[in-house]
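The block underneath contains the structure these notes are about, expressed in structure tokens.
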Amino acid sequence: MLDIATRRRLRLVDTEDPACLDIRLTRGDMDAFLTDVNGSLSQEETDHCRALLLDGDKAPALSDYMSTRTLRWLIAAVKGQWLVGMLEQDRLFSMLQPICRPDGTAFGYEALLRGREGNGDIVSAGSLLSVAMETQLLFTLDLAARREAIKAFATKRAPGAKLFVNFNPSSIYDPAYCLRTTHSFVRDMGLTPSDIVFEVTETTEVKDQAHLRGILAFYRQSGFRVALDDIGAGFSGLNMLQELRPDYVKIDMALIRGIDQDHYKQSIVRHLIGIAADTGARIVAEGIETEAERAWVTQAGVDFLQGYLLGRPAPV
């Protein structure tokens, strides 16, 4: 990693045990070096360590040290460049997974975000979201993900089907702008708002439920529908169910896995189905992988099923 013919130098200083490490790197090495450092140091260590970027062999002046940043900030900035590059080069895409009626016919599709590295490797939604949250790019990623989801669904050409789009409440800073741009793109793709279901995720992170209710009411007034994801994963989901009164409820796959053999899970899911039905919501059982699971949830009265047994996520 060290290169005496470098064009960049990275000076690292430990603020608790003063010591300085002067590292010479080419620009191409910087990303790989910081990735290695991030995997080797704890978050506390990257917070304590200060970093200063210098050009060539320039000796740092006293004023330069006023520009030092934490190593954690520098790592996040490099990650942000990676994500911005992916956004600018149109390397995001959506895979669609079917949501089926009990008879196996498709009722709708959930759009699952993916990225593609320059070498063709696939990047998971979790990795993209993690970087976006660290680098304050969640809003930008959310808008791009919506566009990719809508574009994929329009390409799929499934008349009468619904598109379920993941919706992270913390990414919405300006509901009016998000709605306007989403509505415009839906129309441009030949779809209508009633074709789209916004699936609320990360309910444990919601700090202002009144704000979220306002956002969802805003969307509903324009004809979009709302689903609540991962019901049964924790108390927050049940609380959000009665607060938001969604059109669709998705029961967490952890409760569905092996439900045909687990009386405890069966009792919980029966109660969840009853609660959701009382609010007028239609119910989706996630994570169906066996015929026995499918048979049990169908007999219990769920409206729709999703999982590898019905269909894996696939590109359009």
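Sequential numbering of the sequence shown, starting at 25, is according to our numbering.
Don't be surprised by glycine CBs; every beta carbon is placed ideally from N, CA and C.
Fair warning: this is a prediction, and the values are worked out from it, not measured in the lab.
Item	Value
Outcome for A338 when other beta-carbon atoms lying within 10 angstroms are tallied against a minimum of 16	exposed
Alpha carbon of G214 to alpha carbon of G311, nearest angstrom	31 Å
Q121, DSSP secondary structure in three states	strand
L98 versus H235 - alpha carbon distance	33 Å
Own chain residues within Cβ distance below 7 Å of G335, not counting five before or after	Q121 and P122
Integer Cβ distance of R139 from M110, believed to fall under 8 Å	Just to set this straight, residue 139 is Gly in the shown sequence, not Arg. Right, their Cβ atoms sit about 5 Å apart.
Buried or exposed by the 16-neighbour rule on C-beta atoms within 10 Å, applied to T129	exposed
First through last residue of the alpha helix (DSSP H) which encompasses G109	L95 to E112
Rounded separation between R318 and L329 - CA only	8 Å
Limits of the alpha helix (DSSP H) - the one that I297 falls within	H287 to D302
Selection from T206, E223 and T225 that minimises the alpha carbon distance to P217	T206
Per-residue DSSP class, three states only, for Y201	helix
Local conformation of V221 per DSSP, three classes	strand
C-beta contact flag for A100 and E158 at 7 Å	yes
Beta-ladder partner(s) of K274, from DSSP	V308
Residues bridged to N190 (per DSSP)	E223
A251 versus P183: straight-line alpha-carbon distance, rounded	20 Å
Three or more C-beta pairs below 8 Å linking the stretch 272-287 and the stretch 299-311	yes
Which listed residue (D286, I299 and R294) has its alpha carbon closest to that of M264	I299
Closest residue to Q290 among P270, W320, G304 and L58 (Cα-Cα distance)	W320
Three-state class that DSSP yields for P337 in the structure shown	coil
Simplified DSSP assignment, three categories, for R249	strand
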